[in-house]
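The structure appears below as structure tokens.
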Amino acid sequence: MPDKTRKSLGEQLVDKGLLQPIQLEKAQKEAQKAGEPLRKVLMKLGYVAEDVLMTHLADELNIPFISLSNFIIMPEVVALVPEVLARKYTLIPIFRVGDSISVAMADPLNIFATDELKLKTKLDIETCLAPEDEIKNAINQYYSVSDDMGKMIQSLENEAGSLAESGEVEMKKLESLIEEAPVIKLVNMLFLEAARQGASDIHIEPEETFLRVRYRVDGILHEVSTIPRKLQPAVISRIKILASMDIAERRVPQDGRIQIRIGPKQIDLRVSTVPTVYGENVVIRLLDTSQMTVRLSDLGLGPENIEIYGKLLKSPYGIILITGPTGSGKTTTLYASLNQINDVGKNIVTIEDPVEYRLPMVRQIQVNTKVELTFASGLRSILRQDPDVVMVGEMRDEETARIAIQAALTGHLVFSTVHTNDAAGAVSRLIDMGIEPFLITSSVIGLVAQRLVRRLCKECKVPYKASKAEMETLGIKDSGSELTLYNAVGCDACRKMGFKGRIAIHEVLVPDNEVRRLTIQKASSDEIKRYAASQGMKTLVYDGLQKAKAGLTSLEEVLRVIQD
């Protein structure tokens, strides 16, 4: 039975002071006359703003109020609800978790809609509130446009036929085109497919006659699509609008950021554009903020290395440097390290460029060169914030390095990164920056080098007996022994790549008295590395070969990464 004590929507709004009684009376008469819901009439008459009304309804019903503008809905989720049902009740499914489907509705009180949805989908229905116009736009985007990329591009190409293929584009026509469903759908599909493939980057590259799209998956770039050149202005401008960039400016590099939801996942997109001879080149970094729960044990550190590194993390002060080229997973190692030591008894502050993931209880600062907030200036300020642990995203210059060393010498544990090929190379890099060797030996307590190798797909990897040459590469000289290695094949589970995911290989160098002596003498990184290896340090090559022996990766993959 209906709750007779429950106040009507109009009465609730009057009680909250959001609506005047005389306005309610007029709106009720108009709603009865037009046969429309009261809430729609209230917004039409301008008595209550849509966001105010929606927020009130969401609070009353104890359901989320969301905006669909940053949602990308998977095709398989859209397919769960027929288009006729979505249009009939002004609703759209947004994601599915187990036996439950979340549906954005303009009128979540419509029990006929939820009952018919449950009957059709055979799933539990979780409702949320969204603006009616946004739901209608989403229905048009996801139901009215074919999911076939070729048909979509053809449709869009016909609409864009009058756009200039080079030079200036008519801005009014461009602005109109990039807000239409086919362009929105095409860009959304680029994002969605990249997320589904586990890509870390999207490259959108203009050529003379077409636009090339490539995804970086497990560190390797793969071409996934080509788009006719006449669509270039619309596609790139759509991305720039989403990233709050200036679409009229094509002569200078720009940076922006987009936040989207793909199902329950929150994805951050870092967008960078640079002008080239054929137009703007776009690279987009994808960061899945919902998956940043990396533990130290997930990094792939071997038993000996994880024991050594674990002891370093317990140090009260000193500098720990993570080294390796761009894209070698240094930031992930830093975050995992902070997660390991993060507790209420420590004040952890970071200065990063950019802040890739949010960590609880950690004060994270974003570099902003426009207001002269650099690594060096930020680090100075951090030291006045009573930190126990400091993380500097990268040591790029002498000033930053000197302040970090001073922090370590005054009782702080400092984490940072440098770009070198191996652990010992970090010592030479600091000396090249202009840091005196005695300061390095007094402050640096640990050096970790790493690379990322692709992990063999568990579903399709095949064993084989290592050849004599491979045995020698692995340091096995006994011709009578046999060793099983694994090759990549490719299957549906790994998208025919033979690899799925990546794992890190490491070398951990803890300076002893001899390493300090070599540092003071400005010995080469090769000399330091040879000495450390003679004392038992497991090199990158050694760690990679051990993972190949264990069947985690292939020998060819290890050699590819080490040689790079």
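Take 684 as the starting number for the sequence shown in our numbering and just add one per residue. Glycine included, C-beta positions come from ideal geometry on N, C-alpha and C.
Since residue i and residue j should fall inside the 8 Å C-beta cutoff, what is the C-beta to C-beta distance between them, to a whole number of angstroms?
i	j	result
Glu-1250	Leu-725	The requested residue 1250 does not occur in the structure, where the chain is confined to residues 684 to 1247.
Gly-665	Gly-1117	This structure cannot settle anything about residue 665, because the visible part of the chain is limited to 684 through 1247.
Thr-797	Ile-784	In fact, because the Cβ distance is near 11 Å, the residues do not count as touching under 8 Å.
Leu-1066	Ala-1091	Going by Cβ atoms, the distance from Leu-1066 to Ala-1091 rounds to 11 Å, so no, they are not a contact pair.
Val-681	Ala-1231	Absent from the structure is residue 681, since the part of the chain shown begins at 684 and ends at 1247.
Val-1110	Ile-1123	6 Å
Leu-1096	Ser-998	6 Å
Leu-1042	Ile-1024	About 11 Å; that fails the 8 Å criterion.
Leu-979	Ser-1020	7 Å
Pro-1194	His-1102	Not quite, the Cβ-Cβ distance comes to about 20 Å (not below 8 Å), so this is no contact.
Val-866	Val-918	7 Å
Pro-1120	Thr-1052	At roughly 31 Å, the Cβ-Cβ gap does not stay under 8 Å, so Pro-1120 and Thr-1052 are not in contact.
Leu-938	Val-954	Note that residue 938 is Asp in the sequence shown here, rather than Leu. With a Cβ gap of about 7 Å, Asp-938 and Val-954 count as contacting.
Can you tell me which of the three DSSP states residue i falls into?
i	result
Gln-1229	helix
Tyr-825	helix
Ile-1114	helix
Arg-1067	coil
Asp-790	coil
Ile-756	coil
Ala-1087	helix
Gln-703	coil
His-739	helix
Gly-850	At Gly-850, the pLDDT of 44 sits below 50, so the modelled position is not reliable; the number obtained from the coordinates is stated separately. If DSSP states are grouped into helix, strand and coil, Gly-850 belongs with coil.
Asn-1051	strand
Lys-1148	strand
Val-697	helix
Ile-960	Ile is not the amino acid found at residue 960; the sequence shown has Val there. Residue state, collapsed to three classes: coil.
Glu-809	strand
Thr-1100	strand
Met-872	helix
Asp-1105	coil
Ser-1237	coil
Gln-1133	strand
Val-767	helix
Val-1244	helix
Met-1078	coil
Ala-882	strand
Val-977	coil
Leu-751	helix
Look at residue i and residue j and say whether their C-beta atoms are less than 8 Å apart.
i	j	result
Arg-899	Glu-888	no
Thr-1236	Leu-1139	yes
Ile-1005	Thr-1100	yes
Arg-722	Leu-736	yes
Val-1172	Val-1136	no
Ala-1087	Leu-969	no
Ala-1132	Glu-1190	yes
Val-907	Arg-921	no
Tyr-826	Ile-756	no
Lys-1013	Val-1072	no
Ile-1003	Ile-885	no
Lys-819	Thr-892	no
Leu-707	Gly-718	no
Leu-1257	Met-1074	Any answer about residue 1257 is impossible in this case: the structure gives the chain only from 684 up to 1247.
Ala-789	Ala-813	yes
Glu-799	Leu-768	yes
Gly-1076	Tyr-1000	no
Leu-1168	Leu-1238	yes
Ala-714	Tyr-730	no
Ala-787	Ile-746	no
Ile-808	Lys-801	yes
Could you check if residue i belongs to the surroundings of the ligand ADP, using beta carbon to heavy atom distance under 7 Å?
i	result
Leu-1201	By its list of ligands, the structure shown contains no ligand whatsoever, and the ligand ADP lies outside what it can speak to.
Inset, instruction - Specify whether the segment 1217-1230 and the segment 1169-1183 touch according to this definition: at least 3 beta carbon pairs, one from each stretch, less than 8 Å apart. - result: no
Legend entry - Three or more C-beta pairs below 8 Å linking the segment 939-951 and the segment 773-784: yes
Inset, instruction - Give, in chain order, every unbroken run of the alpha helix (DSSP H) that is at least 4 residues long and sits entirely within the segment 1150-1201. - result: 1151-1156
Inset, instruction - Count the CB pairs spanning the segment 1103-1117 and the segment 978-993 that are closer than 8 Å, and state whether there are at least three. - result: no
Inset, instruction - Report yes or no: do the segment 1049-1064 and the segment 961-968 share at least 3 C-beta pairs separated by less than 8 Å? - result: no
Inset, instruction - Taking 8 Å as the threshold, find out whether the segment 937-944 comes into contact with the segment 902-912 through three or more Cβ pairs. - result: no
Inset, instruction - Spell out a yes or no on whether the segment 1192-1210 and the segment 1028-1046 are touching, meaning 3 or more CB-CB pairs, one atom from each, closer than 8 Å. - result: no
Inset, instruction - At 3 residues or longer, and completely inside the segment 888-957: list those beta strand (DSSP E) runs for me, N to C. - result: 893-900, 903-911, 937-945
Legend entry - Contained alpha helix (DSSP H) runs [length at least 4] in the segment 987-1051, N- to C-terminal order: 1013-1024
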